[in-house]
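For any residue, its number in the working numbering is found by taking its place in the sequence shown, counting from 1, and adding 334. Worksheet: the structure to be examined is printed underneath.
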Amino acid sequence: MSTEDPQQQPTEAEMQAALQEELKKVRVEQVVLESALSILNVAIMRAGMMPGTEQERDLDQVRVGIEGVRALLPLVELIAGPEQARPIKDALSQLQMVYVQAAEQEGGGAASPQPPSEAAPGPGAGAAPQPPQRPAGPGSAQSSGRLWVPGQ
């Protein structure tokens, strides 16, 4: 038995109006920053980088997280500025290194995350996996100076 008076419970319309009022206060920039941080935190957890999450490793999730944060990073830098974005960039770099190391340990030798659409199995999915064909020479990110390569 409830001791609450049903008259005091807000109606659905009142709850929607209150939500609308709260949404009016939210700025898109805030949502972008919080989204980047949330994606990064979940990807770090899926990489097993946080104590107690080692058994939750899911490299597919890590790959999607890396790509998501990479996509948001230009906006994060624009919104927050380069100095404020530095911790996010540093954490992303660490996550990328952990991803590459973990992928190599799992036998794939995956060098870089692929967008989810390219990772989906196609015809002949039961066949032995073929290494991706890479063009000779540096890729566009490396030649533009945007890609950090160890030893260079």
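Quick reminder that beta carbons are idealized off the backbone N, C-alpha and C, glycines included. All figures in this text were calculated on a predicted structure; none of them were measured in a lab.
- The C-alpha of V432 lies about 29 Å from the C-alpha of E363.
- With at least 16 other beta carbons inside 10 angstroms of its own, L426 counts as buried.
- The straight-line gap separating the alpha-carbon atoms of K423 and E390 is approximately 23 Å.
- G441 counts as exposed, since fewer than 16 other C-beta atoms from the protein chains shown sit within 10 angstroms of its C-beta.
- By a beta-carbon distance limit of 8 Å, A377 does not contact A436. Their separation comes to about 12 Å.
- R380: member of the alpha helix (DSSP H) spanning 362-380, first to last residue.
- Annotation: the continuous alpha helix (DSSP H) that includes R404 extends over 393-414.
- Looking from the CA of A370, the closest CA among P421, Q354, E438, V360 belongs to P421.
- Here the alpha carbon of L357 sits roughly 24 Å from the alpha carbon of E411.
- Bounds of the alpha helix (DSSP H) holding E356 are 346-359.
- Around the beta carbon of Q343, fewer than 16 other beta carbons sit within 10 angstroms, so the residue counts as exposed.
- Sequence-distant partners of V366 (beyond 5 residues in either direction) whose C-beta falls short of 8 Å from its own C-beta, in its chain, are L406, L409, V410, I413.
- Collapsing the DSSP output to three states places M431 in a helix.
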